[in-house]
Amino acid sequence: MGRPLLSVLALLAVTAGREALAARPFNTDDARVVDPGGYQIEAYVKDQRGIKETEYWFLPATNFGGALDRFEFTLGGNVIRSEPNGNSDLVLGQVKTLLKPLETNGVGFALTVGVSRLSSGTGQEVVETPFGITTVPGETSTKTHYDPYLNAISSVSVLDDAAVFHFNAGATRDTSSHQTIGSWGVGAEIALGGCFFGIAETYGVSNEKPTYQVGLRYWAIPARLQIDGTYGWQHASPTNLNWISIGMRILW
Numbered sequence: 004m005g006r007p008l009l010s011v012l013a014l015l016a017v018t019a020g021r022e023a024l025a026a027r028p029f030n031t032d033d034a035r036v037v038d039p040g041g042y043q044i045e046a047y048v049k050d051q052r053g054i055k056e057t058e059y060w061f062l063p064a065t066n067f068g069g070a071l072d073r074f075e076f077t078l079g080g081n082v083i084r085s086e087p088n089g090n091s092d093l094v095l096g097q098v099k100t101l102l103k104p105l106e107t108n109g110v111g112f113a114l115t116v117g118v119s120r121l122s123s124g125t126g127q128e129v130v131e132t133p134f135g136i137t138t139v140p141g142e143t144s145t146k147t148h149y150d151p152y153l154n155a156i157s158s159v160s161v162l163d164d165a166a167v168f169h170f171n172a173g174a175t176r177d178t179s180s181h182q183t184i185g186s187w188g189v190g191a192e193i194a195l196g197g198c199f200f201g202i203a204e205t206y207g208v209s210n211e212k213p214t215y216q217v218g219l220r221y222w223a224i225p226a227r228l229q230i231d232g233t234y235g236w237q238h239a240s241p242t243n244l245n246w247i248s249i250g251m252r253i254l255w
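Residue numbers (the working numbering): 4 to 255.
What follows is the structure in structure tokens.
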């Protein structure tokens with residue numbers, strides 16, 4: 004997990020309070036869904052350095068309730084403005100189902116399945132995975148293609164929800180290059196007291212170095228309006244990457 008992330012986790016654990024809800028600003032997913040009959044919108048901007056790139060995300064989701072009360076449906080996407088790699092846009096649809104709901108001091112399990120449609124005018128082969136967009140080495144394509152993915156999720160609550168840990172393992176099928184790309188993630192959400200929560204995570208995909216991210220979540224209106232931000236980094240080749248993201252989450 005690396006010393007920088009372990010240090011952050013230790014610091015957050017010392018200052019932990021109570022109550023936690025996972026989602027933005029995580030990349031690592033959690034074993035929870037939107038409340039039955041409820042709706043959610045996550046929107047954020049991610050500005051990257053090293054390779055100059057800006058992502059704009061908009062992700063609405065709903066839980067229809069009734070017989071589908073353990074299912075969350077998401078349809079959204081992003082646009083990417085990249086100086087060296089050109090522009091691209093993404094549309095994705097996803098279904099998330101709870102296999103075992105997460106309870107206080109318990110363990111929860113969930114599964115997501117989805118498909119992404121990514122268009123790139125760069126000639127570079129890029130694929131959306133559960134943990135972000137990755138470039139496929141040695142491949143080029145100007146075609147729009149549809150890539151299915153799945154992600155297995157487990158969450159563990161400890162200390163009466165003062166800390167909740169999330170573990171992901173997934174795979175994406177790149178239909179253009181006929182490759183399967185593995186993905187993984189480990190994250191921790193820590194209550195800091197009041198309406199403040201901290202997050203720390205590491206995640207990655209096949210043949211790439213791990214990515215690290217830390218962030219802060221603030222409930223401007225508890226359980227209704229969240230504002231958040233993160234700082235992330237990856238020791239990549241040929242250049243190291245770092246970024247900030249600022250987002251919001253609305254529930255009703």
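Where is the CB? At the ideal position from N, CA and C, for every residue including glycine. Note that this is a predicted model, so its numbers are computed, not measured.
Whole-angstrom distance between F134 and I83, CA atom to CA atom: Indexing the sequence shown from 1 puts residue 83 at position 80. Indexing the sequence shown from 1 puts residue 134 at position 131. If I take the Cα positions, the gap works out to 15 angstroms.
Where the beta strand (DSSP E) containing S179 begins and where it ends: Position 176 of the sequence shown, counted from the start, is the residue given in the question as residue 179. From DSSP, S179 is part of no beta strand (DSSP E); its letter is neither H nor E.
Where L162 falls: helix, strand or coil (DSSP): Residue numbering aside, residue 162 sits at position 159 when the sequence shown is read from its first letter. Coil at L162, not helix or strand.
Residue closest to F112, alpha-carbon to alpha-carbon, out of P104, V118, T242: Reading the sequence shown from its first residue, position 109 is the one you call residue 112. Looking at the Cα atoms, P104 is the closest of the given residues.
Distance between Q182 and S330 (C-alpha atoms, nearest Å): For residue 330 there is no data in the structure shown, the boundaries of the chain being 4 and 255.
The stretch 165-175 contacting the stretch 195-203, beta-carbon criterion three pairs below 8 angstroms: no
Simplified DSSP state of I83, which is helix, strand or coil: Looking up residue 83 in the sequence shown gives position 80. Residue state, collapsed to three classes: strand.
Alpha-carbon to alpha-carbon, N154 and L24: Counting from one through the sequence shown, the residue named residue 24 turns up at place 21. Counting from one through the sequence shown, the residue named residue 154 turns up at place 151. Legend: pLDDT at L24 = 38, less than 50; position of this residue unreliable, value from coordinates given subsequently. Their backbone Cα atoms lie some 19 angstroms apart in a straight line.
Inter-residue CB distance, H235 and I249 (contact presumed, cutoff 8 angstroms): As a position in the sequence shown, residue 235 is number 232, starting the count at 1. As a position in the sequence shown, residue 249 is number 246, starting the count at 1. The identity of residue 235 in the sequence shown is Gly, whereas the question assumes His. Actually they do not touch by this definition, with Cβ atoms about 12 angstroms apart.
Outcome for W246 when other beta-carbon atoms lying within 10 angstroms are tallied against a minimum of 16: Reading the sequence shown from its first residue, position 243 is the one you call residue 246. Buried is the call here.
Rounded C-alpha distance that separates L254 from L219: Within the sequence shown, residue 254 is the residue found at index 251, counting from 1. Within the sequence shown, residue 219 is the residue found at index 216, counting from 1. Going from the Cα of L254 to the Cα of L219 covers about 18 angstroms.
Of the residues V98, R73, N90, D163, the one placed nearest T107, counting alpha carbons only: One-based indexing of the sequence shown puts residue 107 at position 104. The option with the nearest alpha carbon to T107 is D163.
Validate contact between the stretch 45-52 and the stretch 207-223 using beta carbons, cut 8 angstroms, 3 pairs: no
Residue burial classification, Y206 (beta-carbon count within 10 angstroms, cutoff 16): Translated into positions along the sequence shown, residue 206 becomes position 203. Under this definition Y206 is a buried residue.
For P63, the three-state DSSP class (helix, strand or coil): Along the sequence shown, one-based indexing puts residue 63 at 60. DSSP places P63 in strand when its eight states are reduced to three.
Euclidean distance between Cα positions of H34 and L101: As a first step, residue 34 must be located in the sequence shown, where it is residue number 31. As a first step, residue 101 must be located in the sequence shown, where it is residue number 98. The identity of residue 34 in the sequence shown is Ala, whereas the question assumes His. C-alpha separation (whole angstroms): 7 angstroms.
Helix, strand or coil at G250 [DSSP, three-state]: For the purposes of this step, residue 250 is taken as the residue at position 247 of the sequence shown. The answer is strand: DSSP assigns G250 an E or B state.
Nearest-angstrom Cα separation, counted from I54 out to A239: Locating residue 239 in the sequence shown gives position 236, counting from the first residue. Locating residue 54 in the sequence shown gives position 51, counting from the first residue. When rounded, the distance between both Cα atoms is 10 angstroms.
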